[in-house]
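From first to last, the protein sequence lines stand for chains P and S. Just so you know, the first sequence maps onto residues 1 to 269 in the working numbering. Just so you know, the second sequence maps onto residues 270 to 660 in the working numbering. Structure first, commentary second.
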Amino acid sequence: MDTKRRKFLKIAGAAALAGIGAPAIVKLTSSAAIASEAVQHETAAHGEVAAATGVRLGMVIDMRKFAEQPELLDQAIAACNKVHNIPHFPDRKNEIKWIWKAPYANVFPELESIHKSEMAKKAPFAVLCNHCDNPSCVKACPTKATFVQPENGIVAMDFHRCIGCRFCMAACPYGARSFNWQDPRPFIDTYNAEFPTRMRGVVEKCNFCGERLALGLEPACVEVAKSAGAMVFGDLNDPDSEIRKVLDKEFTIQRNPAAGTKPSVYYIV
Amino acid sequence: MIEKVLKGKSTYWMWLAVLGTFIAIGAACYVRQYMFGLGLTGMSRDVSWGLYISQFTFLVGVAAGGLMLVLPYYVHDYKAFGKITILGEFLAISALIMCLMFIMADLGQPLRGLNVIFFATPHSMLFWDMCVLWGYLLLNCLCGWVILTAERKQVHPPKWIYIFVYISIPFAVSIHTVTAMLYCGLPGRHFWLSAIIAPRFLASAFAAGPSLIVLACLVMRKFANFDAGKEAIQKLTTIIMYAAIINTFFFLLEFFVGYYSEMPGHMHSLEYLFFGLEHDGHVYNNLVPFMWGATLFSFTGLGILAYMKISKVFDYRLVGVAATLIFFSLWADKGLGFVFGGFVPNPLNEVTEYIPTANELGITIGIWATGFFILTLLYKIAVGVEHEIES
Chain P
1 MDTKRRKFLK IAGAAALAGI GAPAIVKLTS SAAIASEAVQ HETAAHGEVA
51 AATGVRLGMV IDMRKFAEQP ELLDQAIAAC NKVHNIPHFP DRKNEIKWIW
101 KAPYANVFPE LESIHKSEMA KKAPFAVLCN HCDNPSCVKA CPTKATFVQP
151 ENGIVAMDFH RCIGCRFCMA ACPYGARSFN WQDPRPFIDT YNAEFPTRMR
201 GVVEKCNFCG ERLALGLEPA CVEVAKSAGA MVFGDLNDPD SEIRKVLDKE
251 FTIQRNPAAG TKPSVYYIV
Chain S
270 MIEKVLKGKS TYWMWLAVLG TFIAIGAACY VRQYMFGLGL TGMSRDVSWG
320 LYISQFTFLV GVAAGGLMLV LPYYVHDYKA FGKITILGEF LAISALIMCL
370 MFIMADLGQP LRGLNVIFFA TPHSMLFWDM CVLWGYLLLN CLCGWVILTA
420 ERKQVHPPKW IYIFVYISIP FAVSIHTVTA MLYCGLPGRH FWLSAIIAPR
470 FLASAFAAGP SLIVLACLVM RKFANFDAGK EAIQKLTTII MYAAIINTFF
520 FLLEFFVGYY SEMPGHMHSL EYLFFGLEHD GHVYNNLVPF MWGATLFSFT
570 GLGILAYMKI SKVFDYRLVG VAATLIFFSL WADKGLGFVF GGFVPNPLNE
620 VTEYIPTANE LGITIGIWAT GFFILTLLYK IAVGVEHEIE S
């Protein structure tokens, strides 16, 4: 990772944790904001998705790379589970999932077709929270326990404020949220003291590793998968970022764009 | 007035004892759930709302159904409802208390419930639902009590109370509209994402609430020497009939939209509820008997009511059977199928079925028993005042 990128992550993450540092972000992204404005003026098509301004963290998942190395996705998932003290329940009912595997037909049910590529038929796809620009979970939450961090666009959770009404789970069009139906702590395989465990009765989901970004680290799954080029993470609003270069070059798809939530996770299939 | 609950016949005390037993069982089950967590229920990651929220949804309708008595009596001056309007208001009180108890039973962190007020969030429909439910509860307590007190003293109710009576009318509509909005504004759930949910909720509410009042009137006619009057019961059955027919009509429209457009998302939940959803070689159909049972009950109940209207016969037993059938059909439609069906399939097109656990059923029955306990006490007061005036 080059120094510029590390610095960016650190600032974005620190701002996320402290809820301050807006001037730094403005400086970092002023050119990006202008760029996305320009894009908006150019496009006149009805229903065109307008980009949010400021730092907008996003992810590209290159399924071609994951299909080439089937163990890579498992490693990425294991890294996330370990870092976030995600409990392992043997039954489907209690499952807690931040990033997990599912077939193409389940990840993109509205893009399902009869004749699809071998890879789409066979390879398991990575599924995680989309960190939407317009998240329906945030709209539904009656206590603002889930919210968009203005500094970087991460859809975050306050586990101490959540009342466990599970309105967000009904609202999420991507099935990205899990609920602690019982005390998760006895089901954690290896305990990571750097990240809090959760109590029963609260909802949780992927946080784009906000806590790691604050330390200048990349998300745990990205760290595993980036060397193979299977995951690219960065600021969607920065035209010079690596992720934007990939998005400019490759055709990508998103999960259920018709829901109007503007996901920040893109897939190359 | 409150002393009237302390005097009653042995049937009254036995009925309260039966309800008390169920309340005790429910309380014990809740203590278990409180200690362990919602893992004691049948809910899962995929079906994240179960019986508690579905009963809550149905009971908001029962509460709103009282409007069908308040509106004719206070706005149209329909005198035949004079004796029973108070029953509608008291039903709303007990139904709303059940609603709030079901919400509390459903929270993963019940002690943080006040966060909804501390961190009030107007863009969440749950915030507005809390506002209108509490508002309607307080309005009914106020109106019911003031009007019954005036009745007891045989004087006209004070003029100012009518302001609150008239405010309670749009409030009744709002509680069920906002409850519908909990569901119909969610982008990922096709079964709920329909503009007809709110009208359908209201139609079903205006049949379910009056059905329960009719049944209560029949019970009190037999056991409490309270006669609501034939005209009032007949008018109520007409209201029930029209409301239930409109509800059925709205539901059939959902079927048309799903099956004529053949858009998979619009068909799946209906298919799951009525025919069983085939998925990966397995047919998921645990709600099919309930939905067809509801259909049968609904049409039979409507048939009985229509028969009585056409052939101009009136029989309390037939009214009782029809009201029971319609009440249970609406309960299965909204109190089971609507909520559970919306979660099948999940956003990843996977199917998980929901089967409530014994502990969950215990809590659910306990809350219903609490509601009926409160309802019995309130009706005892209303009927006691009625008898006092007559003597």
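Just so it is clear, CB atoms sit at the ideal spot from N, CA and C, and this is done for glycine as well.
Per DSSP, the bridge partner or partners of residue i
| i | result |
| --- | --- |
| G58(P) | G234(P) |
| M157(P) | T146(P) |
| L546(S) | Y553(S) |
| I650(S) | Its beta-bridge partners do not exist; DSSP assigns none. |
| V203(P) | F179(P) |
Three-way DSSP call (helix, strand, coil) for residue i in this model
| i | result |
| --- | --- |
| L376(S) | coil |
| L128(P) | strand |
| T569(S) | helix |
| K122(P) | helix |
| W100(P) | strand |
| Y266(P) | strand |
| I658(S) | helix |
| S530(S) | helix |
| I253(P) | strand |
| T645(S) | helix |
| L383(S) | coil |
| T310(S) | coil |
| F525(S) | helix |
| D189(P) | coil |
| V582(S) | coil |
| D398(S) | helix |
| S241(P) | coil |
| I595(S) | helix |
| I632(S) | helix |
| T29(P) | Residue confidence for T29(P) is low, a pLDDT of 34 falling below 50, so the modelled location carries little weight and cannot support an answer. |
| K65(P) | helix |
| L279(S) | The sequence shown places Ser at residue 279(S), rather than the Leu named in the question. The answer is helix: DSSP assigns S279(S) an H, G or I state. |
| S227(P) | coil |
| I515(S) | helix |
| V588(S) | helix |
| M169(P) | helix |
| S393(S) | coil |
Inter-residue CB distance, residue i and residue j (contact presumed, cutoff 8 Å)
| i | j | result |
| --- | --- | --- |
| A102(P) | V138(P) | Actually they do not touch by this definition, with Cβ atoms about 24 Å apart. |
| M169(P) | S313(S) | About 10 Å; that fails the 8 Å criterion. |
| L484(S) | T593(S) | 7 Å |
| I99(P) | I77(P) | 5 Å |
| V265(P) | M59(P) | 5 Å |
| P616(S) | C172(P) | 7 Å |
| N237(P) | V55(P) | 6 Å |
| G281(P) | A156(P) | Since the first and last residues shown for chain P are 1 and 269, residue 281(P) lies out of range. |
| Y405(S) | L365(S) | 6 Å |
| M367(S) | I579(S) | With a Cβ gap of about 36 Å, M367(S) and I579(S) do not count as contacting. |
| P456(S) | T261(P) | 7 Å |
| N85(P) | F195(P) | 6 Å |
| F596(S) | S538(S) | That belief does not hold up - the Cβ atoms of F596(S) and S538(S) are roughly 23 Å apart, past 8 Å. |
| S463(S) | E540(S) | Between E540(S) and S463(S) the Cβ distance is about 16 Å, and since that is not below 8 Å, they are no contact. |
| V329(S) | T507(S) | The Cβ separation is near 24 Å, so there is no contact. |
| T65(P) | A220(P) | According to the sequence provided, residue 65(P) is Lys. The question's Thr does not apply to it. So it is not a contact: roughly 17 Å between Cβ atoms. |
| T310(S) | P625(S) | 7 Å |
| G226(P) | E218(P) | The identity of residue 226(P) in the sequence shown is Lys, whereas the question assumes Gly. About 7 Å separates the two Cβ atoms, so the contact holds. |
Determine, using beta-carbon pairs with one atom in the region 466 to 484 of chain S and one in the region 549 to 556 of chain S, whether at least three such pairs fall under 8 Å. no
Inter-stretch contact (C-beta, 8 Å, three-pair minimum) for the region 272 to 291 of chain S and the region 141 to 148 of chain P: no
Assess contact between the region 603 to 621 of chain S and the region 483 to 490 of chain S, defined as three or more Cβ pairs (one per stretch) separated by less than 8 Å. Is contact present? no
Whole runs of the alpha helix (DSSP H) within the region 336 to 369 of chain S, excluding any shorter than 4 residues: 336 to 339
Report yes or no: do the region 434 to 450 of chain S and the region 566 to 583 of chain S share at least 3 C-beta pairs separated by less than 8 Å? no
Quick check on the DSSP output: what are the complete alpha helix (DSSP H) runs of length 4 or more inside the region 420 to 464 of chain S, in order along the chain? 429 to 453
Would you call the region 97 to 115 of chain P in contact with the region 351 to 371 of chain S, where contact means no fewer than 3 C-beta pairs closer than 8 Å? no
Give a yes or no on contact between the region 511 to 525 of chain S and the region 457 to 475 of chain S, applying the rule of three or more CB pairs nearer than 8 Å. yes
Please determine if the region 627 to 647 of chain S and the region 288 to 300 of chain S are in contact, where contact requires at least 3 C-beta pairs separated by less than 8 Å. yes
Give a yes or no on contact between the region 523 to 533 of chain S and the region 377 to 384 of chain S, applying the rule of three or more CB pairs nearer than 8 Å. no
With a threshold of 8 Å, are at least 3 pairs of Cβ atoms found where one atom belongs to the region 181 to 190 of chain P and the other to the region 417 to 425 of chain S? no
The region 421 to 438 of chain S contacting the region 554 to 571 of chain S, beta-carbon criterion three pairs below 8 Å: no
Which runs of the alpha helix (DSSP H), 4 residues or longer, sit entirely within the region 465 to 513 of chain S? 466 to 492
Pairing CB atoms from the region 62 to 78 of chain P with CB atoms from the region 271 to 283 of chain S, are three or more of them under 8 Å? no
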